Amino acid sequence: MCLTCGCGDEDGVRVRAVDEHEHHHHDHTPEHGHPHGHGQTETLELGTRVLLKNDRLAEATRTRLRARGIDVVNLMSSPGSGKTSLLERTISETGGRREICVIEGDQETMADAERIARAGARAVQVNTGAGCHLDAGMVDRAVARLAPPDGSLLFVENVGNLVCPALFDLGESAKVVVISVTEGDDKPLKYPHMFAVADLVVVNKTDLLPYVDFDVDVLGKAARSLNPHVQVMPLSVRNGSNLDHWYAWLGDLAATTAGRDPA
Amino acid sequence: MALTLDVVDVVATRTAGRRVSCVRLDVGELTGVVPEALRFCFDLATQGTGLDGARLDIRVVPGRITCRDCGATTACADRILLCGCGSADVAVVHGEELLVASVEVVKEEACA
Numbered sequence: 012m013c014l015t016c017g018c019g020d021e022d023g024v025r026v027r028a029v030d031e032h033e034h035h036h037h038d039h040t041p042e043h044g045h046p047h048g049h050g051q052t053e054t055l056e057l058g059t060r061v062l063l064k065n066d067r068l069a070e071a072t073r074t075r076l077r078a079r080g081i082d083v084v085n086l087m088s089s090p091g092s093g094k095t096s097l098l099e100r101t102i103s104e105t106g107g108r109r110e111i112c113v114i115e116g117d118q119e120t121m122a123d124a125e126r127i128a129r130a131g132a133r134a135v136q137v138n139t140g141a142g143c144h145l146d147a148g149m150v151d152r153a154v155a156r157l158a159p160p161d162g163s164l165l166f167v168e169n170v171g172n173l174v175c176p177a178l179f180d181l182g183e184s185a186k187v188v189v190i191s192v193t194e195g196d197d198k199p200l201k202y203p204h205m206f207a208v209a210d211l212v213v214v215n216k217t218d219l220l221p222y223v224d225f226d227v228d229v230l231g232k233a234a235r236s237l238n239p240h241v242q243v244m245p246l247s248v249r250n251g252s253n254l255d256h257w258y259a260w261l262g263d264l265a266a267t268t269a270g271r272d273p274a
Numbered sequence: 007m008a009l010t011l012d013v014v015d016v017v018a019t020r021t022a023g024r025r026v027s028c029v030r031l032d033v034g035e036l037t038g039v040v041p042e043a044l045r046f047c048f049d050l051a052t053q054g055t056g057l058d059g060a061r062l063d064i065r066v067v068p069g070r071i072t073c074r075d076c077g078a079t080t081a082c083a084d085r086i087l088l089c090g091c092g093s094a095d096v097a098v099v100h101g102e103e104l105l106v107a108s109v110e111v112v113k114e115e116a117c118a
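Heads up: the sequence lines are chains F and P, in that order.
Residue numbers for the first sequence follow my numbering, beginning at 12 and rising by one.
Residue numbers for the second sequence follow my numbering, beginning at 7 and rising by one.
See the structure below:
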């Protein structure tokens, strides 16, 4: 997935709280490259999954946070679909009921973490530099910095990208894909992997439906062709339409994850 | 690139500094991972490691699905998982693999 975009080198990753100086992360594989002669070879059977390290770390994060009653929602979308706006409104309208914390992922700037902080929630920003997605290691470090309280709701706002984030387990309880009506109802078929892993598809900016050629039913049908049980939820952050469905879904999430056996 | 770096990390850990001459990957057809892109990144990702100069063999594992409605197991080449009977309620049998299957390491002059 993120093989052609040049991302993946964690050298440039920075995890910062709002009002905090930059911390560079350096975590390299050990040096190799000893000169050797060439002799006979032997085959070692490995059968190791690629991203196993990521997935194990994610599972450890999931188990640890679930034990503390913390639900983690991984929000993914293309840039500009309204993830941060959805979070701002969610924080201002429901933050009093359950504490919300946010890990913001972007290539650069503290802008979104600052927006979240202004909305009244604790936030840390992960700047991935050239990277196009968050991984379990970045989230692990961000959780350590953020220190979300027991029983809180933790949103991870992934880097805006409908491709690479689909592949990386972050230790979330649920994956939510946000798509806005200006993006087109053909996106599930164009970016099938993202929609195939989603637990919920939020269709944002429905206030613009009269002005664009976007059919919510077409989107829903396309999403379900990839993911038969996925829930599709049209709403508008701007005019507040159907936001009660989103809040109800978040409420149900706590009940659902509490009933799951941590793997 | 992140995947290729993970492959290098897995192999470097498991071969403990021995010289690696070949890495064999199983890549499922339904993963969305592009073998050509892996090959492109592999040379870059292996530079300066024990895998430098190693050959990359990629076996593409064809997608196969089993239908929960009609029970048939059929081939499926893309992410739109549909059985011939029209049902989308299917389980993936093969095609989601992303494995470092095996490596060839040089027998002589291995270092600890």
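Built from N, CA and C at the ideal position, the CB exists for glycine as well.
The structure presented is a predicted model; accordingly, all values stated were derived computationally and were not measured.
Residues within the stretch 116-148 of chain F neighbouring chain P, beta-carbon criterion of under 8 angstroms
Contact residues of the stretch 116-148 of chain F toward chain P are G142, H144 and D146 (C-beta to C-beta distance below 8 angstroms).
Where F206(F) falls: helix, strand or coil (DSSP)
helix
Assign L178(F) to one of three DSSP states: helix, strand, or coil.
helix
If you measure beta-carbon to beta-carbon, which residues of the stretch 60-75 of chain P are closer than 8 angstroms to chain F?
Cβ contacts with chain F: none found.
From C112(F) to L44(P), what does the alpha carbon distance come to, in whole angstroms?
36 angstroms
Can we say the stretch 233-243 of chain F touches the stretch 216-223 of chain F, given the rule of at least three CB pairs closer than 8 angstroms?
no
Give the list of continuous alpha helix (DSSP H) stretches no shorter than 4 residues that lie fully inside the stretch 75-157 of chain F.
Segments of the alpha helix (DSSP H) lying fully in the stretch 75-157 of chain F: 94-105, 122-130 and 147-157.
So which of D15(P), V39(P) and R74(P) has the shortest CA-CA distance to C91(P)?
R74(P)
At a Cβ threshold of 7 angstroms, is E110(F) touching chain P?
By this cut-off, E110(F) is not an interface position.
In the DSSP assignment, what are the bridge partners of Q242(F)?
L211(F)
Does the distance from the C-beta atom of N215(F) to that of V189(F) stay below 7 angstroms?
Yes. Within cutoff.
Select from R27(F), L254(F) and K186(F) the residue whose C-alpha is nearest the C-alpha of D117(F).
R27(F)
Any C-beta of chain F under 7 angstroms from that of A83(P)
no
Bridge partners - I190(F), DSSP secondary structure assignment
V214(F)
Just verifying my parser: in three-state terms, what is the DSSP assignment at S108(P)?
Looking at S108(P) - three-state DSSP - the assignment turns out to be strand.
List the residues of chain P that P203(F) touches, going by C-beta distances under 7 angstroms, in chain order.
R85 and I86
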